[in-house]
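K.L.:
Sequential numbering of the sequence shown, starting at 0, is according to numbering that gives the first Met the number 0.
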Amino acid sequence: MSSKVPKSAVATSVPGRRPTAVALPGFFLAGRRILDPLLFGLLPLAFAALVMYAEARQGLLGFDFKGTIWQPGHEILAGHSPYPRPLAAAMDSGNPSVYPPVVLLLALPYALVPFTIAYAAWTVTLVAAVLVALRILGARDWRCYTIALGSLPVAYGLALGNLVVLLVPLLACAWRYRASPRWSGLAVGAGIALKLVLWPLLVWFIVTRRWRAAFIAAASAVMSMVCAWAILGFDGLRDYPQLLRVNNDLYAAHSWSLFAGGVGLGLPWSVASALASLAGVALLALAFVSIRRRNGDRIAFCVVVVASIACLPIVWPASLVLLLVPIVLVAPSADLIWVLLTALWLGAAVPRQLADAGSPSTDAPSIVWRMQHAGPPTAQIAAFTALVALITVLVLRRAGRIRSVDPGTSCLRVPRPDGGGLGPPPR
């Protein structure tokens, strides 16, 4: 007699007895085979397509890509500076060019073709970046891929063409190749050169005593930026810090950042900025504290990724795409945490008051003009902060409970089981 249990059966057990197989109704299994592709495949992708359609109706499709990458590329090819003057009147467009020169030089090929073709190619690049990152991190459930593409951060990142999506595979490489100082350091250095948001990863290297990786990351970031400025001309470097300050003054209080939340609660800008910085410092301190815990390397990495978002003075929906990396690290298959990632759409559904600011004085779409002249979206910030905090707590709890430790991937010395001091990591 065969001992195999039919696929349409589940095992139940009673103390003192052998497990017995209970057959599931055939219609239940058939319904699941139909519902899974619909709920976790078609629905997220259709929702992302709907978002892109809505953004196109409002004139926002490829809005970030056009102002921050494509148009600056045209200026470089014409022999002009890719950056506007560091004045509010020159930067009040909603998408001023403020990215480091490394980005603009690497993206020059997109400026050689018309905007529609360039944006289509850029979108393909961003989609590939998300899929490759999930693959690098070992996501083995097809639903993770479709849920990720249909999530709020990725959908808005694709619709607007935001650069931050390209940081996800670099984060994935930093973790996947953490045993190699060269490759992990180069991944973080490239991320910092593209967008300074990843600087807290240097803290992770320091916490885990990856000194060579930290040096390679810092050196490669500095060298690439120096070379890029040498190509564009160092005259622009003199005004670049002021350019970033004006950009923060214009947009920080209208974004989803902790700073904007403080301003929305009526705090002075200096106090709101100090409290937001304190939250980022607290997360970085948590990375130092957690390193001695079980799976401290993984926990510290997840913490600094969240700190990268918390330290940002300007946070847009696409900025939350960095959460994909810690989520996949603790949940390579779709489960509750992935549901919470989808729940970020609830935060976007919270009403936001728009200002009646009249006609735009720039080429900015009307909705962008009204958003950047309205007050901080305090209710939306509260909703997103609560959801991100919940995701972070679940990620950190699960990161500490993961039993398997990849061999040869940590340089930490951990307490010996016999209490005899510190020894090498488990293999």
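Glycine residues also receive a C-beta, built at the ideal position from the N, C-alpha and C atoms.
(1) What is the residue span of the alpha helix (DSSP H) that Trp-215 lies within?
(2) Where does the unbroken alpha helix (DSSP H) through Leu-343 begin, and where does it stop?
(3) Excluding five sequence neighbours on each side, which residues of the same chain lie with their C-beta closer than 7 Å to the C-beta of Arg-293?
(4) How is Arg-400 classed by DSSP in three states: helix, strand or coil?
(5) Could you check the C-alpha separation between Gln-57 and Pro-113 for me, to the nearest Å?
(6) CA-CA distance, Val-196 and Leu-321?
(7) Can you round the beta-carbon distance between Leu-319 and Pro-152 to whole angstroms, since I take them to be within the 8 Å contact cut?
(8) Measure the CB-CB distance between Val-97 and Leu-242 and report whether it falls below 7 Å.
(9) Just how far apart, CA to CA, sit Phe-334 and Asp-140?
(10) Distance check for Leu-34 and Arg-175, CA to CA, integer angstroms please.
(11) Is there contact here, the segment 272 to 288 with the segment 113 to 129, by at least three beta-carbon pairs under 8 Å?
(12) In this structure, does DSSP put Asp-405 in helix, strand or coil?
(13) What distance in whole Å lies between the Cβ atoms of Phe-62 and Leu-159, which are believed to be in contact at a cut-off of 8 Å?
(14) Hey, how far is the Cα of Leu-148 from the Cα of Leu-49?
(15) Would you tell me roughly how many angstroms separate the C-alpha atoms of Ile-323 and Val-167, rounded to the nearest one?
(16) Out of Pro-83, Ile-298, Leu-37 and Ala-251, which one is the CA nearest neighbour of Met-370?
(17) Thinking just about the alpha-carbon of each residue, which of Leu-37, Pro-85 and Tyr-52 is nearest to the one in Thr-145?
(18) Under 8 Å by Cβ, that's how I've got Val-202 and Leu-285 pegged, so tell me the actual separation to the nearest angstrom.
(19) On the DSSP letters alone, give me the boundaries of the alpha helix (DSSP H) that Leu-243 sits inside.
(20) Do we get a CB-CB distance below 7 Å when we pair Val-349 with the residues of chain C?
(21) On the CB-based measure, 16 or more other CB atoms within 10 Å of its CB, does Phe-233 come out buried or exposed?
(22) If we call anything under 7 Å between Cβ atoms a contact, is Ile-313 one with Ser-254?
(23) Determine the contact status of Pro-364 and Val-245, defining contact as a CB-CB distance below 7 Å.
(24) Candidates Trp-198, Val-206 and Ala-330: which alpha carbon is nearest Ala-218's?
(25) Along the chain, where does the alpha helix (DSSP H) that runs through Ile-290 open and close?
(26) Which class does Val-372 belong to by DSSP, given the choice of helix, strand or coil?
(27) Classify Thr-145 as helix, strand or coil using the three-state DSSP reduction.
(28) Leaving out the 5 sequence neighbours to the left and right, which residues in its chain are closer than 8 Å to Ala-382 when beta-carbon positions are compared?
(29) When you compare each of Trp-368, Gln-352, Val-327 and Arg-351 to Thr-391 by their alpha carbons, which one comes out closest?
(30) Between the alpha carbons of Met-302 and Pro-376, how many angstroms are there, rounded?
(31) Spatial neighbours of Phe-26 within its chain, please: C-beta separation below 6 Å, excluding the five flanking residues on both sides.
(32) Check Cys-310 in the structure and name its three-state DSSP category.
(33) Return the chain-ordered list of same chain residues with a C-beta closer than 6 Å to the C-beta of Leu-231, the five sequence neighbours on each side being excluded.
(34) If we count the other Cβ atoms within 10 Å of its Cβ and call it buried at 16 or more, is Ala-259 buried or exposed?
P.N.:
In terms of the structure at hand:
(1) Taking the first residue of the sequence shown as position 1, residue 215 is located at position 216. The sequence given here has Ile at residue 215, not Trp. It spans 210 to 231 - the alpha helix (DSSP H) in which Ile-215 sits, taken as one unbroken run.
(2) Walking along the sequence shown from the start, residue 343 turns up at place 344. Where Leu-343 is concerned, the enclosing alpha helix (DSSP H) stretches over 343 to 347.
(3) Residue numbering aside, residue 293 sits at position 294 when the sequence shown is read from its first letter. Only residues of its own chain outside the window of five on either side were considered, and among them Gly-399 have a CB closer than 7 Å to the CB of Arg-293, listed in chain order.
(4) Within the sequence shown, the letter at position 401 stands for residue 400. Helix at Arg-400.
(5) Residue numbering aside, residue 57 sits at position 58 when the sequence shown is read from its first letter. Residue numbering aside, residue 113 sits at position 114 when the sequence shown is read from its first letter. Approximately 21 Å between the Cα atoms of the pair.
(6) The residue given as residue 196 occupies position 197 in the sequence shown. The residue given as residue 321 occupies position 322 in the sequence shown. Distance between the alpha carbons of Val-196 and Leu-321: 10 Å.
(7) In the sequence shown, residue 319 corresponds to position 320, counting from 1. In the sequence shown, residue 152 corresponds to position 153, counting from 1. Confirmed, Cβ separation roughly 4 Å.
(8) Counted from its first residue, the sequence shown places residue 97 at position 98. Counted from its first residue, the sequence shown places residue 242 at position 243. Yes.
(9) Reading the sequence shown from its first residue, position 335 is the one you call residue 334. Reading the sequence shown from its first residue, position 141 is the one you call residue 140. As written in the sequence, residue 334 is Asp, which differs from the Phe given in the question. Taking the straight line joining both Cα atoms gives about 10 Å.
(10) As a working mapping, residue 175 is identified with position 176 in the sequence shown. As a working mapping, residue 34 is identified with position 35 in the sequence shown. Distance between the alpha carbons of Arg-175 and Leu-34 is about 33 Å.
(11) Not touching, per the Cβ criterion.
(12) Taking the sequence shown and counting its residues from 1, one reaches residue 405 at position 406. No answer about Asp-405 holds up, because its pLDDT of 49 lies below 50 and its placement is not dependable.
(13) By 1-based counting over the sequence shown, the position of residue 159 is 160. By 1-based counting over the sequence shown, the position of residue 62 is 63. Indeed, because the Cβ distance is near 5 Å, the residues count as touching under 8 Å.
(14) Position 149 of the sequence shown, counted from the first residue, corresponds to residue 148. Position 50 of the sequence shown, counted from the first residue, corresponds to residue 49. Approximately 13 Å between the Cα atoms of the pair.
(15) Looking up residue 323 in the sequence shown gives position 324. Looking up residue 167 in the sequence shown gives position 168. It is worth fixing the name first, because residue 323 is Leu in this sequence and not Ile. Whole-angstrom Cα-Cα distance: 8 Å.
(16) Position 371 of the sequence shown, counted from the first residue, corresponds to residue 370. It is Ala-251.
(17) Against the sequence shown, residue 145 aligns to sequence position 146. That would be Leu-37, whose Cα lies nearest to the Cα of Thr-145.
(18) Residue numbering aside, residue 202 sits at position 203 when the sequence shown is read from its first letter. Residue numbering aside, residue 285 sits at position 286 when the sequence shown is read from its first letter. Rounded to the nearest angstrom, the Cβ distance from Val-202 to Leu-285 is 11 Å, too far for a contact under 8 Å.
(19) As a first step, residue 243 is located in the sequence shown; it is residue number 244 there, counting from the start. Start and end: 234 to 250.
(20) The structure shown contains no chain C; it is built from a single protein chain.
(21) As a working note, residue 233 is residue 234 in the sequence shown. Exposed, because fewer than 16 other Cβ atoms sit within 10 Å of the Cβ of Phe-233.
(22) What you label residue 313 is simply residue 314 of the sequence shown in a count that begins at 1. What you label residue 254 is simply residue 255 of the sequence shown in a count that begins at 1. Yes, these two residues count as a Cβ contact at 7 Å.
(23) In the sequence shown, the residue the question calls residue 364 occupies position 365. In the sequence shown, the residue the question calls residue 245 occupies position 246. Cβ atoms of Pro-364 and Val-245: not closer than 7 Å.
(24) Looking up residue 218 in the sequence shown gives position 219. Cα-wise, what sits closest to Ala-218 is Trp-198.
(25) Position 291 of the sequence shown, counted from the start, is the residue given in the question as residue 290. Looking at the DSSP string, Ile-290 is not in any alpha helix (DSSP H), and its letter there is neither H nor E.
(26) Taking the first residue of the sequence shown as position 1, residue 372 is located at position 373. As written in the sequence, residue 372 is His, which differs from the Val given in the question. Three-state result, His-372: coil.
(27) Within the sequence shown, residue 145 is the residue found at index 146, counting from 1. Looking at Thr-145 - three-state DSSP - the assignment turns out to be helix.
(28) Position 383 of the sequence shown holds residue 382. Result list for Ala-382: Leu-345, Gly-346 and Val-349, in chain order.
(29) Numbered from 1 along the sequence shown, position 392 holds the residue referred to as residue 391. Measuring from the Cα of Thr-391, the nearest candidate turns out to be Val-327.
(30) Taking the first residue of the sequence shown as position 1, residue 302 is located at position 303. Taking the first residue of the sequence shown as position 1, residue 376 is located at position 377. It should be pointed out that residue 302 corresponds to Val in this sequence rather than to Met. Answer to the nearest angstrom: the Cα atoms are 26 Å apart.
(31) Numbered from its first residue, the sequence shown carries residue 26 at position 27. Because Phe-26 sits at a pLDDT of 49, beneath the cut-off of 50, its placement in the model cannot be relied upon, and the following sentence gives the value as read from the coordinates. So the list is empty, once near-sequence residues are dropped.
(32) Residue numbering aside, residue 310 sits at position 311 when the sequence shown is read from its first letter. Looking at Cys-310 - three-state DSSP - the assignment turns out to be coil, as it is neither helix nor strand.
(33) On the sequence shown, residue 231 is found 232 positions in, with the first residue counted as 1. Here the set comprises Pro-100.
(34) If you number the sequence shown from 1, residue 259 lands on position 260. With 16 or more other Cβ atoms within 10 Å, it is buried.
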